[in-house]
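One structure is given here, and the rest of the page talks about it.
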Amino acid sequence: MQYAEITGWGKYTPPATLTNDDLATFIETSDEWISSRTGIKERRISHINTAEMSTLAAKHALASAGIEADEIDLIIVATSCPDTLVPNTASRVQQLLGSNNAACFDLSSACTGFLYALQNATAQIRFGAAKKALVIGAERMSWFINWAKRDTAVLFGDGAGAVILEATDQPCGLLNAKLGCDSNARDILSINNFGTDMNRYVDPPSALDISFQGQDIFKRAVRGMGQATETVMQETGLSVDDIDLLVPHQANIRIIETLQSKLKLRDDQVMVNIQKYGNTSAATVPIALCEALEQGKVKAGDNIMSAAFGAGLTWGAAYIKWGSKVTPSREYVQQEQDAHNAKALLSVSIEHCLSKAE
860 MQYAEITGWG KYTPPATLTN DDLATFIETS DEWISSRTGI KERRISHINT
910 AEMSTLAAKH ALASAGIEAD EIDLIIVATS CPDTLVPNTA SRVQQLLGSN
960 NAACFDLSSA CTGFLYALQN ATAQIRFGAA KKALVIGAER MSWFINWAKR
1010 DTAVLFGDGA GAVILEATDQ PCGLLNAKLG CDSNARDILS INNFGTDMNR
1060 YVDPPSALDI SFQGQDIFKR AVRGMGQATE TVMQETGLSV DDIDLLVPHQ
1110 ANIRIIETLQ SKLKLRDDQV MVNIQKYGNT SAATVPIALC EALEQGKVKA
1160 GDNIMSAAFG AGLTWGAAYI KWGSKVTPSR EYVQQEQDAH NAKALLSVSI
1210 EHCLSKAE
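So the sequence shown is numbered by our numbering: it starts at 860 and just counts up by one.
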């Protein structure tokens, strides 16, 4: 039987940082108000599009895996922020990478998108349809934000994370997942005036906005992530004592703490980086996974649980048995140059946010 081992990982987080204090200069809020309710201290704002962020994360992942772009035969980009609806963002990533042998598609499942994509790529490898897959979670959420609305402006940020999956005979990688959708409440989290649902012949497209009913989302997120995690643990025979690390969706620190409490996990068993990036939707899990590896939180053979919840209302949990590789095969040699180029446009990103608030 074929399994799909994670052999490479990489992330891209834009250099432009928008802090809570920055937001307080044009929204009636404060660092204390935001951080006490969400756990967020700052977020990143991107001056480049989703495909470019995806490509930078992918280049780091390819270097980490020690393989070339033309070896990839499947690219999945999980995103709610595609650069274009036609053609898909994944095809642009293929073009930028030179992965000419890869099948490409986008997957839209909001914050749960990376777990959906990871399961899909794993299934294709186990079925024999692919041998090496690139799975990316990338979002440019700042593009949709109404900067005059405090309840959503403080929550979201931009970024991308990627992993390389390779076929192996060793029982590792994604071994079990439970995915689902609570569509009866799909309207409590949505982006308005976007897509063919709007009547452009009667009402011209207006400013984009995020509809967000926080209290109801919180309750459903806790329930969905918790039940999915319990199901995966039951199906795999895992106990709480078997979990080495939980990598949850980074939407709200209270949701993370509630899930942690349900699973009775210690603080050192839970990966948290929401304070630095806010909610980057489908990018939160792969970015957090990358940082867990960078910080030495992942060991060979570890049992890793991940859970997420997003618009739709999609939910899911996944059990990953980590393989033998915990350090990159090589570093991405263009990292410093990319960072330098991005910093040159830092002021453009901040000015964009401020102009949106005027």
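We put the CB at the ideal spot given by N, CA and C, even for glycine.
V1106 burial status per 10 Å Cβ neighbour count (16 or more: buried): buried
Complete runs of the beta strand (DSSP E) confined to the region 1061-1123 [at least 3 residues]: Listed in chain order, they are 1068-1071 and 1104-1107.
Segment contact flag, the region 909-925 with the region 988-1003, C-beta cutoff 8 Å, min 3 pairs: yes
Simplified DSSP assignment, three categories, for G869: Correct three-state label for G869: strand.
Between the CA atoms of T897 and T948 - distance to the nearest angstrom: 30 Å
C-beta atoms of A937 and L955 nearer than 8 Å: In this structure, the beta-carbon distance from A937 to L955 does not fall below 8 Å.
Beta-carbon proximity list for G1137, same chain, < 7 Å, skipping 5 on both sides: I899, R902, L1014, F1015 and G1016
DSSP beta-bridge partners of W1174: Beta-bridge pairing links W1174 to G1039 and F1168.
Beta carbon of Q978 nearer than 8 Å to that of A1036: yes
Cutoff 7 Å; reference D1101; Cβ partners in own chain excluding five residues on either side: N1162
Rounded separation between S1140 and Q861 - CA only: 30 Å
Endpoints, alpha helix (DSSP H) assigned at D1010: Run containing D1010: R1009 to A1012, per the alpha helix (DSSP H) assignment.
CA-to-CA distance, I893 to L1024, given in whole angstroms: Distance between L1024 and I893, taken at the CA atoms: about 37 Å.
Buried versus exposed, by CB contacts within 10 Å (16 or more), Y871: buried
Beta-carbon spacing of A980, G1171 below 8 Å: no
Helix, strand or coil at E1025 [DSSP, three-state]: Looking at E1025 - three-state DSSP - the assignment turns out to be strand.
Residue range of the unbroken beta strand (DSSP E) whose run includes C1149: Taken as a continuous stretch (DSSP letters only), C1149 belongs to no beta strand (DSSP E), being part of the alpha helix (DSSP H) at T1143 to E1153.
Separation of T1088 from T1117, as counted between CA atoms: 13 Å
Distance between V1192 and T884 (C-alpha atoms, nearest Å): 38 Å
Closest residue to A863 among K918, R985 and G972 (Cα-Cα distance): R985
Neighbourhood of D1028 by C-beta, 8 Å cutoff - its chain only, sequence neighbours within 5 removed: Same-chain partners within the cutoff: M860, Q861 and Y862.
E1190 to H919 span [Cα, whole Å]: Straight-line Cα distance between these residues: approximately 7 Å.
For A1142 and V1131, the rounded distance between their alpha carbons: Approximately 14 Å, taken between the alpha carbons.
Rounded separation between Q1154 and G987 - CA only: 34 Å
Between the CA atoms of N1058 and N1051 - distance to the nearest angstrom: 12 Å
Contact set for A976: own chain, Cβ-Cβ below 6 Å, skip 5 residues either direction: I935, A937, L966 and V994
Alpha-carbon to alpha-carbon, S1042 and A961: 32 Å
Range of the contiguous alpha helix (DSSP H) that encloses V952: Boundaries of the alpha helix (DSSP H) around V952: T948 to L956.
Beta-carbon spacing of A1007, S1188 below 8 Å: If you check the CB distance, A1007 and S1188 do not come in under 8 Å.
For I995: DSSP bridge partner residues: V936 and A1021
Buried or exposed by the 16-neighbour rule on C-beta atoms within 10 Å, applied to Q1093: exposed
N1138 (DSSP reduced to helix, strand or coil): DSSP places N1138 in strand when its eight states are reduced to three.
Cβ-heavy atom distance, V1099 to the ligand MG, below 7 Å: The ligand MG is not part of the structure shown, which contains no ligands of any sort.
Endpoints, the alpha helix (DSSP H) within which A920 is located: It spans T909 to A924 - the alpha helix (DSSP H) in which A920 sits, taken as one unbroken run.
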